[in-house]
Each structure stands twice: as C-alpha cells, then as structure tokens.
C-alpha cells in the first residue's frame with residue numbers, strides 16, 4: 005500500500021453532530037483475508053468478481069441487471085479470494 009493514511013467522516017443527522025477519524029492502516033495478512041472471504045455469503049463473493057469498485061456505474065438498474073445476468077456463471081462454484089480483494093486494519 006503506497007499511502008497508509010485513512011480518514012472517515014460520520015454525520016449523525018438526528019443529533020446534528022459530525023465526527024472525523026484520522027489514522028493509519030495496513031493490509032491484513034493474506035490468510036486472515038482468506039478466512040474473511042470464506043465467511044462472506046456467496047452473492048457478496050460474486051459481486052466482488054463481477055464489479056470493479058473503481059468504475060462508475062450506469063445506474064442501479066443496470067448494476068442489478070448485470071448481477072442477475074452474470075450470477076449464474078458463478079453458482080455452484082467455490083470462489084477463491086481475488087488477489088485484489090483484501091481488508092484493512
């Protein structure tokens with residue numbers, strides 16, 4: 005990871021309060037990432053295979069249709085964690 009700096013802003017409308025958290029993070033160990041991956045529901049794993057988070061989506065409807073169209077390709081398969089999928093700590 006080139007830049008370990010992270011920040012998070014949370015707005016609580018019902019109390020009209022916002023907080024900001026700043027810090028550093030690192031990628032978790034690959035074995036731990038594998039463990040997390042295996043615990044995800046199959047549809048969530050499929051979504052990780054189908055969609056690239058860095059790409060803009062056309063619309064919610066188009067995204068849902070793409071999921072329905074592509075999902076059957078991955079049914080009944082034990083999906084391995086993609087190299088690009090991980091978690092931060």
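Numbering (the numbering used here), first residue to last: 5 to 93.
Backbone N, C-alpha and C fix where the C-beta goes; we use that ideal spot for every residue, glycine too.
A residue is called buried when at least 16 other Cβ atoms come within 10 angstroms of its Cβ; residue 49 meets this threshold and is buried. Contact between the stretch 15-28 and the stretch 41-55 is not established, with fewer than three Cβ pairs separated by less than 8 Å. Within the DSSP bridge table, the entry for residue 15 names 22 as partners. When DSSP assignments are scanned along the stretch 39-88, the uninterrupted stretches of alpha helix (DSSP H) that are 4 or more residues long and fall wholly within it turn out to be 46-54 and 64-78. From the listed residues 35, 79 and 16, the smallest Cα separation to residue 54 is found for 79.
As the crow flies, the alpha-carbon of residue 34 is around 11 Å from that of residue 86.
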